[in-house]
Amino acid sequence: MILLQVNQLSKSFGAEPILSNIKLEVQTRDKIAIVGRNGAGKSTLLKIIGGQMSYDSGDLIKPKDVTIGYLAQDTGLESKLSIWDEMLLVFKHLQSMEKEMRTLENKMSTVDPSQDSRQFEQLLKEYDTLQVAFKDQGGYQYEADIRSVLHGLGFSNFDPATTISSLSGGQRTRLALGKLLLTNPDLLILDEPTNHLDIETLSWLEQYLQGYPGAILIVSHDRYFLDKIVTQVYEISRHTSTKYIGNYSSYLKYKAENYERDLKAYEKQQEEVAKLQDFIQRNLARASTTKLAQSRRKKLEKMDIMNKPLGDEKSANFHFDIERQSGNDVLKATNISVSYEPNKPVISNISFSISRGESIALVGPNGIGKSTLLKSIVQKLDSLTGSFSLGTHVQIGYYDQQQADLTSNKRVLDELWDEYPNKTEKEIRTVLGNFLFSGDDVLKSVSSLSGGEKARLALSKLMLQNANFLILDEPTNHLDLDSKEILENALIDYPGTILFVSHDRYFINRIATKVFELSSNMLTEYLGDYDYYVMKKEEQLELELLEKQEQKTAEATAAETTGKLTYQQEKELKKLERQKQRKIEEIELQISEIEEKIEENEQLLCDPEVYQDHEQVQKINTENEQLQTQLEELMTEWETLH
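So that you can map any letter, position 292 of the sequence shown is 292 in UniProt numbering, and since no number is skipped, the others follow by simple counting.
See below:
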């Protein structure tokens, strides 16, 4: 069933066109992503479809009975009610039905069937009809649904009586999302729903939306999220829309393939056109060949000349350099405790060390203190206890996720120039141009910039610092997917040290060489990217479950007075032994693969072409060091299991 059709839709703000000739179709259970650069018109399109904004021309066709739920980005609930009472408002109709059922039950209890059977049957029929409708609409499970959504969105530890007005902006945004999910519309429209969500909550939302019975139209800059959810992608570029089948990764692949195919077809046609024009020019005036030339001219006139395919729009272009290299030891933290209020530490007894060249992702649930820890490192927040020790020649460059320092009424040009007065205006304009501030854009006031523009301006200031230790708090927030990729490539090539907080799992995978998992009183180190971190967490969970099962089995065995195991206990023991044996075999296979890789690398180091290349030797040695560390961890785990 078609839920929505958009045909030839156009929208302008003043004389500036935002959308033109937009085509889009949504059918039942479609999961569609709208992608494009910041400012391309994605949010505008969602607002128009959600009935929040008018459009200039075109058609938007929707059956009358189709329900649409729309959530704008960073929309927080404004309510004086408690969390629970606000969520109950979604099911007001079910509560009314429940009251009506109670009323009918009371009426039936006062009627004697033997005295007035007609009235009793009428009440019973009315009650049965109402009860079936109540059940079909989820009347017996709506409270469980509320608890499930609140738990998934990170409110399991909150008192349901907590007033919404006492919550933070991010928490109110999550509640707005939860309330919308509970309404269960036919078409769910979500604009950047992953903002303010930690990784655990993101994973829950992915699973929820994968099983959502209706259609979804979504804008998101989280590539992992889009790959897990969507089956179609509409790209908004140069005011128009193009449809691709598949998830976000498929879209990138097909887009590149289509461009290459169209470019080859265009170039082939241009060659043919050039040959025809050359033949006509050389032979038209000659009597013996004029008919041939005229024939070729007619052919040329009938040809449908292709336009040159448009490549990607202009991208930001930047890289991070360092002024001087730091020492090998970059930062050491010892027993750090930090608090916003006296005697109420957010984090306590945190210790870690960072070495030169490492790229470390700091992860953990929202509110655990990740940003707090970063602020204490850069001395924007004093620690209660403990100390930080910076290594020699360490120069810190700090990126604040709130862009708190970018609220001035200065022009964009002056915001950068005032910090680097020794540079010429041309140099400053060149830097800003690399971050997509061109022409009159540099004369805008900083306070009027969008979130994405402020993020790019903050990155331009960071780039000019030439710091050798970057501390980044959610650097991908507000960046479109293309800008994220540019930032990733710049950080991958960066010769210094990086400590960053991010909820973008794709970004963590590309950048991180280590993961620090933060809890309120502990920091756990994992050697590898995000996927490795997840794998190790799953292994730890499996081992814990295995140990619990072994403990239960041992207790049951000890309790046997006859000294003999029951058939069920023997079966359980054999099952546990098989699980452990499979785990041992997996580890042995990993050990074998790593040892083979180390041996391959050592053979490469004997190759004259390799050992004469200093950078290649260093790269291989670094890889071998990481492999040796993994090997030691696996051997320890293997010995423990044995």
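We put the CB at the ideal spot given by N, CA and C, even for glycine. As the structure is a prediction and not an experimental result, all values here were calculated from the model.
Candidates 432, 592, 523: closest to residue 369 by CA position | 523
Within 10 angstroms of the Cβ of residue 173, are there 16 or more other Cβ atoms? Answer buried if so, exposed if not.
-> buried
For residue 36, count neighbouring C-beta atoms within 10 Å of its own C-beta (all shown protein chains included) and say buried if the count is 16 or more, exposed if not.
-> buried
Between which two residues does the alpha helix (DSSP H) containing residue 199 stretch?
-> 199-210
Decide if the region 359-378 is in contact with the region 494-503; the criterion is three or more beta carbon pairs, one per stretch, under 8 Å apart.
-> yes
Could you please give the first and the last residue of the uninterrupted beta strand (DSSP E) stretch that includes residue 265?
-> Run containing residue 265: none in the beta strand (DSSP E); it sits in the alpha helix (DSSP H), 248-283.
Buried or exposed: which applies to residue 91, given that a residue is buried once 16 or more other Cβ atoms fall within 10 Å of its Cβ?
-> buried
Going by other Cβ atoms of all chains shown within 10 Å of its Cβ, with 16 needed for buried, is residue 235 buried or exposed?
-> buried
Counting Cβ pairs, one atom from each stretch, are 3 or more of them under 8 Å apart for the region 443-454 and the region 468-475?
-> no
Can you tell which of 184, 109, 70 has its C-alpha closest to the C-alpha of residue 646?
-> This structure leaves residue 646 out entirely; the chain is present only between 1 and 642.
Under the rule that 16 or more other beta-carbon atoms within 10 Å means buried, what is residue 385, buried or exposed?
-> exposed
Rounded separation between residue 495 and residue 326 - CA only | 10 Å
Extent of the continuous beta strand (DSSP E) to which residue 85 belongs = Careful: residue 85 lies outside any beta strand (DSSP E), inside the alpha helix (DSSP H) at 83-88.
Leaving aside the five residues before and after residue 643 along the sequence, list all residues of the same chain whose C-beta is less than 7 Å from its C-beta, in chain order.
-> No answer is possible for residue 643: it lies beyond the span of the chain, which begins at 1 and ends at 642.
Answer with buried or exposed for residue 215, where buried requires no fewer than 16 other C-beta atoms within 10 angstroms of its C-beta.
-> buried
Is the CB-CB distance between residue 259 and residue 211 below 8 Å?
-> no
Please check the pair residue 309 and residue 266, which I expect to be a contact at CB under 8 Å, by giving their CB distance rounded to whole angstroms.
-> 6 Å
Would you say residue 476 faces chain B, with C-beta separation under 8 Å as the test?
-> Looking at the structure shown, chain B is missing, and only one protein chain is on hand.
With a CB to CB cut of under 8 Å and the five nearest residues on each side skipped, what residues in its chain are close to residue 104?
-> 123, 126, 127, 130
For the region 364-380 against the region 192-201, are there 3 or more C-beta pairs whose distance is under 8 Å?
-> yes
Around the Cβ of residue 343, are there at least 16 other Cβ atoms within 10 angstroms (buried) or fewer (exposed)?
-> exposed
Give the straight-line distance between the Cα atoms of residue 515 and residue 493, rounded to the nearest whole angstrom.
-> 19 Å
Do you know how far the Cα of residue 468 is from the Cα of residue 264?
-> 44 Å
For residue 374, collect the residues of the same chain with a Cβ closer than 7 Å to its Cβ; drop the 5 residues on either side in sequence, then sort them by chain order.
-> 471, 473, 501
If you run the structure through DSSP and keep just helix, strand and coil, what is residue 340?
-> strand
Give me the Cα-Cα distance between residue 273 and residue 286, rounded to the nearest whole angstrom.
-> 21 Å
Selected residue, minimal CA-CA separation from residue 321, among 426, 245, 466, 58 | 466
Check whether residue 247 and residue 227 have beta carbons under 8 Å apart | yes
Can you have a look at residue 506 and say buried or exposed, based on whether 16 or more other CB atoms are within 10 angstroms of its CB?
-> buried
What's the C-alpha gap between residue 625 and residue 337?
-> 32 Å
Reference residue 95, options 441, 134, 537, closest by Cα | 134
Which listed residue (628, 586, 600) has its alpha carbon closest to that of residue 648 = With the chain running from 1 to 642 in the structure shown, residue 648 is simply not present.
Going by CA-CA distance only, name the one from 372, 8, 603 that's closest to residue 400.
-> 372
What did DSSP end up calling residue 17 once you bin it into helix, strand or coil?
-> strand
Which two residues bound the contiguous alpha helix (DSSP H) that contains residue 111?
-> Careful: residue 111 lies outside any alpha helix (DSSP H) and carries neither H nor E.
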